[in-house]
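Mind the numbering: the sequence shown is residues 2 to 312 in the working numbering, read in order. Presented below is the structure to which this report refers.
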Amino acid sequence: VLNSILSVAGLILNLVLMYAIRRFSKSHFGTYKYLLTIFTLNDLFLVLLHVMVHPVNWSIEKEHSTLWAIVKSFQRVTALYVGFQSVPFSLLAIHFLYRYWSVCRPHRIELFSNKIFVLFLASLIAGGVISWYFLCLFCSEGHDVTIAKEILVSEYEIKYEKRVENAWVILDNWRDGKFDLTLFVVTLLMDAITILSLIFTFSFAILTFYHIAKSDKMSIQATALQQKLLIALCAQASVPFVFVYAPFLVCINLPFLGIPGNTFYPDLVAPIFTCFPVWDGFIIIVLIQDYRKGLLGMIRKPPPVAPSTML
Numbered sequence: 002v003l004n005s006i007l008s009v010a011g012l013i014l015n016l017v018l019m020y021a022i023r024r025f026s027k028s029h030f031g032t033y034k035y036l037l038t039i040f041t042l043n044d045l046f047l048v049l050l051h052v053m054v055h056p057v058n059w060s061i062e063k064e065h066s067t068l069w070a071i072v073k074s075f076q077r078v079t080a081l082y083v084g085f086q087s088v089p090f091s092l093l094a095i096h097f098l099y100r101y102w103s104v105c106r107p108h109r110i111e112l113f114s115n116k117i118f119v120l121f122l123a124s125l126i127a128g129g130v131i132s133w134y135f136l137c138l139f140c141s142e143g144h145d146v147t148i149a150k151e152i153l154v155s156e157y158e159i160k161y162e163k164r165v166e167n168a169w170v171i172l173d174n175w176r177d178g179k180f181d182l183t184l185f186v187v188t189l190l191m192d193a194i195t196i197l198s199l200i201f202t203f204s205f206a207i208l209t210f211y212h213i214a215k216s217d218k219m220s221i222q223a224t225a226l227q228q229k230l231l232i233a234l235c236a237q238a239s240v241p242f243v244f245v246y247a248p249f250l251v252c253i254n255l256p257f258l259g260i261p262g263n264t265f266y267p268d269l270v271a272p273i274f275t276c277f278p279v280w281d282g283f284i285i286i287v288l289i290q291d292y293r294k295g296l297l298g299m300i301r302k303p304p305p306v307a308p309s310t311m312l
């Protein structure tokens, strides 16, 4: 029920945001409004994807220390779902690059209208999705996960009274109590992709704040606008970190480290993932003044017109 409520809220908020971007974006937004549009479309896609695949996370600590990610479909769809969770951070990195250039290298902003450059950025985003996709599939390749799968399917069926067999992505980290070098490398790569994207994003944020503070070429109004947009972007960046990457880091690393987690996070992961599009849309609407005032102006009644007297 909670997942359904969050999905509906995410759908409504992002449709409202899409309308606000088209209706209330002023000329000073420039190509920035197209970045916001892409963000919003991605959030809408993630909401619909979540509704279609019903993701669940499950961990078993018996003979195996494992991470389980599941959709009620096929393993490749599960891997694709995980892959698409990387898109928000790829977009955020591009978004921070745009803000950095708008402050320090304004002449480069026109590159965002260049088809070759846009294609290059799109290929980077696709590369992130493909990397996660194949890492998820590689987890079970060349490994006998039959016993782990039987335990997982059985325990999941006992708790949820549903039998799901073919959709699991399984990291059987300590099979027969032995260290698995392949899964260690996979876990390391997943952590590296996550942490490097965070470092890239935070570095551009810090550099942009620094150059805004030190710039003597921008007017007071331009400086205030850049600060507001950057603060809004930082708030937006915290959303996927809290609702996407932090849960992923927990799900990936706790089982590998042998830390029990199946008592608290299996039932939390799916709602947390669903929260991301909801809060993402909400924060943009609240923090960008033009959108907030424009939408509030549609709700509030206009002031009564004073009667005029003809002389």
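Beta carbons are placed, not taken as given, at the ideal position from N, Cα and C, and that holds for glycine. Treat the numbers as computed from the prediction; the structure is a model and nothing was measured.
Beta-carbon proximity list for residue i, same chain, < 8 Å, skipping 5 on both sides
| i | result |
| --- | --- |
| Ile253 | Leu68, Leu172, Thr188, Met191, Asp192 |
| Ile232 | Leu288 |
| Leu208 | Tyr101, Cys105 |
| Phe205 | Ala94, Phe97, Leu98, Arg100, Tyr101 |
| Thr202 | Phe90, Leu93, Ala94, Phe97, Ala238 |
| Thr224 | Ile213, Ser216 |
| His108 | none |
Assigned exposure category for residue i - 16 Cβ within 10 Å defines buried
| i | result |
| --- | --- |
| Ile244 | According to the sequence displayed, residue 244 carries Phe and not Ile. Per the 10 Å Cβ criterion, buried. |
| Arg100 | buried |
| Ile285 | buried |
| Asp44 | buried |
| Glu290 | This sequence places Gln at residue 290; Glu is not what is there. Gln290 is exposed by the Cβ-count criterion. |
| Tyr161 | exposed |
| Phe257 | buried |
| Gln227 | buried |
| His96 | buried |
| Ile22 | buried |
| Gly129 | buried |
| Leu184 | buried |
| Ala149 | buried |
| Met299 | exposed |
| Phe118 | exposed |
| Asn314 | The structure shown does not extend to residue 314, since the chain spans only 2 to 312, so no value can be given for it. |
| Leu18 | buried |
| Leu14 | buried |
| Leu297 | exposed |
Residues near residue i in its chain [Cβ-Cβ closer than 6 Å; skip 5 each side]
| i | result |
| --- | --- |
| Glu64 | In this prediction, Glu64 scores a pLDDT of 37, lower than 50, which makes its location untrustworthy; the coordinate-derived value is nonetheless stated afterwards. Result list for Glu64: empty, nothing under 6 Å. |
| Gly11 | Val48, Pro278, Val279 |
| Thr32 | Phe113 |
| Phe25 | Asp291, Tyr292, Gly295 |
| Phe242 | none |
| Lys179 | none |
| Arg164 | Glu158 |
| Leu138 | Ala80 |
| Tyr20 | none |
Assigned secondary structure, residue i (DSSP; H/G/I helix, E/B strand, else coil)
| i | result |
| --- | --- |
| Ile171 | strand |
| Val165 | coil |
| Asp281 | helix |
| Leu258 | coil |
| Cys252 | helix |
| Ser28 | helix |
| His65 | Note on His65: pLDDT 38, under 50, position unreliable in the model; the coordinate value appears next. Coil. |
| Asn115 | coil |
| Phe135 | helix |
| Phe97 | helix |
| Thr124 | The question names Thr, yet the displayed sequence has Ser at residue 124. If DSSP states are grouped into helix, strand and coil, Ser124 belongs with the helices. |
| Cys105 | helix |
| Leu14 | helix |
| Ser317 | Since the first and last residues shown for the chain are 2 and 312, residue 317 lies out of range. |
| Cys276 | helix |
| Ser87 | coil |
| Met311 | No answer about Met311 holds up, because its pLDDT of 46 lies below 50 and its placement is not dependable. |
| Arg301 | coil |
| Asp181 | coil |
| Asp192 | helix |
| Cys235 | helix |
| Asp291 | helix |
Proximal residues to residue i (C-beta, below 7 Å), its chain only, five neighbours per side dropped
| i | result |
| --- | --- |
| Val240 | Phe277, Trp280, Asp281, Ile284 |
| Val52 | Ser8 |
| Asn4 | Ala271, Pro272, Thr275 |
| Phe75 | Asn167, Ala168 |
| Leu136 | Val187, Leu190, Met191 |
| Val146 | Ile171, Asp173 |
| Tyr134 | Ala80, Leu81, Gly84 |
| Asp181 | Asn174 |
| Ala236 | Ile284, Leu288 |
Cβ-heavy atom distance, residue i to the ligand FAD, below 7 Å
| i | result |
| --- | --- |
| Phe201 | No copy of the ligand FAD occurs in the structure displayed, which carries no ligand at all. |
Q) Looking at C-beta atoms only, is the number of pairs between the stretch 34 to 46 and the stretch 271 to 286 that lie closer than 8 Å three or more? A) yes
Q) How about the stretch 194 to 208 and the stretch 78 to 85: do they share at least three Cβ pairs that are nearer than 8 Å? A) no
Q) For the stretch 156 to 171 against the stretch 117 to 131, are there 3 or more C-beta pairs whose distance is under 8 Å? A) no
Q: Would you be able to state if there are at least three C-beta pairs under 8 Å between the stretch 198 to 213 and the stretch 94 to 113?
A: yes
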